[in-house]
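Visitor: Quick one: structure below, then a few questions.
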Amino acid sequence: MPDLADKTTQYEFLVYRTEMGARKFFGKDWANDDKVVGRLKTELDLIERKNFSAYFLMLSIFIQKVRDVGIPVGPGRGSSGGS
11 MPDLADKTTQ YEFLVYRTEM GARKFFGKDW ANDDKVVGRL KTELDLIERK
61 NFSAYFLMLS IFIQKVRDVG IPVGPGRGSS GGS
C-alpha cells in the first residue's frame, strides 16, 4: 500500500487516492490486473498532461461530502450521462 506521507504534489496525491479507490473497488490484488493498471495509467497520464489534478481532487472531495450526507450521486460520466 502506498504511503500518503511521501505525496508532495497534487498529481501524486491523486495517484494515491486512485490506488486506494482501485483497491476498494477491485480488491487488494488490483495491481496484478494488467488491464486495470493500464487503464488507470492511461487516464492518470492524461489528467497530468492537461494539468487537471487539482480539479479531480476537488471534485472527489465534493462528491464524498455529498455522499456523506446521503445525497445520491450519479455515475459521474458527464452532465448528460449523469442526468
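Going by my numbering, the sequence shown wraps up at 93, each residue one higher than the last. Just so you know, even glycine gets a beta-carbon here, dropped at the ideal spot from N, CA and C.
May I ask you to report which of helix, strand or coil DSSP gives Ser93?
Guide: Residue numbering aside, residue 93 sits at position 83 when the sequence shown is read from its first letter. With a pLDDT of only 48 at Ser93, under 50, the local geometry of the prediction cannot be trusted, and no value is derived from it.
Visitor: Leaving out the 5 sequence neighbours to the left and right, which residues in its chain are closer than 7 Å to Val25 when beta-carbon positions are compared?
Guide: The residue given as residue 25 occupies position 15 in the sequence shown. These residues qualify, in order along the chain: Leu54.
Visitor: Using three-state DSSP, classify Ile71 as helix, strand or coil.
Guide: Here residue 71 refers to the residue found at position 61 when the sequence shown is read from its first residue. Of the three classes helix, strand and coil, the one that applies to Ile71 here is helix, per DSSP.
Visitor: With distances taken from CA atoms, which of Asp78, Leu67, Pro82 and Val79 is nearest Arg27?
Guide: As a position in the sequence shown, residue 27 is number 17, starting the count at 1. The candidate whose alpha carbon is nearest that of Arg27 is Leu67.
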